[in-house]
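Residue numbers (this note's numbering), protein chains in the order written: chain A, 3 to 116; chain B, 574 to 687.
Below is one structure; the comments refer to it alone.
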Amino acid sequence: ETGVTQTPRHLVMGMTNKKSLKCEQHLGHNAMYWYKQSAKKPLELMFVYNFKEQTENNSVPSRFSPECPNSSHLFLHLHTLQPEDSALYLCASSQPGTGSYEQYFGPGTRLTVT
Amino acid sequence: AQSVTQLDSQVPVFEEAPVELRCNYSSSVSVYLFWYVQYPNQGLQLLLKYLSGSTLVKGINGFEAEFNKSQTSFHLRKPSVHISDTAEYFCAVRYSNTGNQFYFGTGTSLTVIP
Chain A
3 ETGVTQTPRH LVMGMTNKKS LKCEQHLGHN AMYWYKQSAK KPLELMFVYN
53 FKEQTENNSV PSRFSPECPN SSHLFLHLHT LQPEDSALYL CASSQPGTGS
103 YEQYFGPGTR LTVT
Chain B
574 AQSVTQLDSQ VPVFEEAPVE LRCNYSSSVS VYLFWYVQYP NQGLQLLLKY
624 LSGSTLVKGI NGFEAEFNKS QTSFHLRKPS VHISDTAEYF CAVRYSNTGN
674 QFYFGTGTSL TVIP
């Protein structure tokens, strides 16, 4: 595996379900991100982890719970979601302090809440 | 507040014609600028970036962009498009005073017409 991988690629869940999204990066980076992508809206940054520590939480509802057990893995735990949470969830990684700055994205998980 | 504007939500263009996708940003500090492309059912892929130096930057797939500090713009251009360039294009800005955070535009959907 290379780059940033995400599983599952598609997920349909009811409003009372609990599920988790997984992201893994194989780039040796130390920063990881969760974004929400909805149609016709800018990408919304949800969470940022630097060296496994959460450094950003952009007013995300508590029904979204991130977890970063190590610098290669990032999870997004979901519970009691709403239909408006249906979107593409993108994971990204970058290497702080190297001067290159760009973020590398995974293919995303298409989430549908019914 | 920091913001990134992509004025054109949809751009249709004939094959082998030139194209320009516009991006403007708000700024009172130094910026790092990026263009990403997103093909259907995929994540974002970096096309090119401006960090410093020459204001004309070249990227993959024949794309280039020019940084214009006075007009706070970073327009993307390609002299001759192909069918395979049909995709969504996102401009992103990283401000020097906002850490790792990227600000994305709403995207421009480029459709190349045979």
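Here a beta-carbon is modelled for each residue, glycine too, at the ideal position from N, C-alpha and C.
Keep in mind it's a predicted model, so treat the numbers as computed, not measured.
8 Å Cβ cutoff met for residue i and residue j
i        : j        : result
B/Lys631 : B/Pro591 : no
A/Met6   : A/Cys70  : Residue identity differs from the one stated: residue 6 of chain A is Val in this sequence, not Met. Result no, Cβ atoms of A/Val6 and A/Cys70 do not sit closer than 8 Å.
A/Thr111 : A/Gln8   : yes
A/Tyr103 : B/Tyr609 : no
B/Thr681 : B/Tyr662 : yes
B/Ile633 : B/Leu620 : yes
A/Ser96  : A/His31  : yes
A/Tyr35  : A/Val50  : yes
B/Leu624 : B/Glu637 : no
B/Leu683 : B/Ala660 : yes
B/Pro687 : B/Ile656 : yes
A/Thr57  : A/Thr18  : no
B/Tyr598 : B/Val584 : no
B/Glu588 : B/Val685 : yes
A/Leu80  : A/Lys42  : no
B/Val586 : B/Val654 : yes
A/Cys68  : A/Val115 : Rather than Cys, the amino acid found at residue 68 of chain A in this sequence is Pro. Going by C-beta atoms, A/Pro68 is not nearer than 8 Å to A/Val115.
Classification of residue i by the beta-carbon crowding that lies within 10 angstroms, buried from 16 upward
i        : result
A/Val14  : exposed
A/Glu26  : buried
A/Met48  : buried
B/Lys622 : buried
A/Gly108 : buried
B/Leu580 : exposed
Terminal residues of the beta strand (DSSP E) in which residue i lies
i        : result
B/Glu589 : From DSSP, B/Glu589 is part of no beta strand (DSSP E); its letter is neither H nor E.
A/Leu23  : Lys20 to Gln27
A/Val6   : Val6 to Thr9
A/Thr114 : Thr111 to Val115
A/Leu13  : His12 to Met15
B/Tyr676 : Phe675 to Phe677
B/Leu683 : Thr681 to Ile686
Nearest-angstrom beta carbon gap, residue j and residue i [assumed within contact, 8 Å]
i        : j        : result
B/Cys596 : B/Ser643 : About 15 Å separates the two Cβ atoms, so there is no contact after all.
A/Tyr106 : A/Leu23  : That belief does not hold up - the Cβ atoms of A/Tyr106 and A/Leu23 are roughly 17 Å apart, past 8 Å.
B/Phe677 : A/Leu78  : B/Phe677 to A/Leu78, Cβ: 19 Å. No contact.
B/Asn673 : A/Asn52  : 7 Å
Interface residues of chain C facing residue i [CB-CB closer than 7 Å]
i       : result
A/Asn19 : As a matter of chain content, chain C is missing from the structure shown, whose protein chains are A and B.
Those runs of the beta strand (DSSP E) which lie wholly inside the region 612 to 659 of chain B and span at least 3 residues: Every unbroken stretch of the beta strand (DSSP E) spanning 3 or more residues and falling wholly within the region 612 to 659 of chain B is given here in chain order: 617 to 623, 629 to 631, 637 to 641 and 646 to 651.
Secondary structure, beta strand (DSSP E): runs of 3+ residues fully inside the region 38 to 97 of chain A: DSSP assignment within the region 38 to 97 of chain A yields the following whole beta strand (DSSP E) runs of 3 residues or more, N-terminal first: 46 to 52, 55 to 59, 66 to 72, 75 to 81 and 89 to 96.
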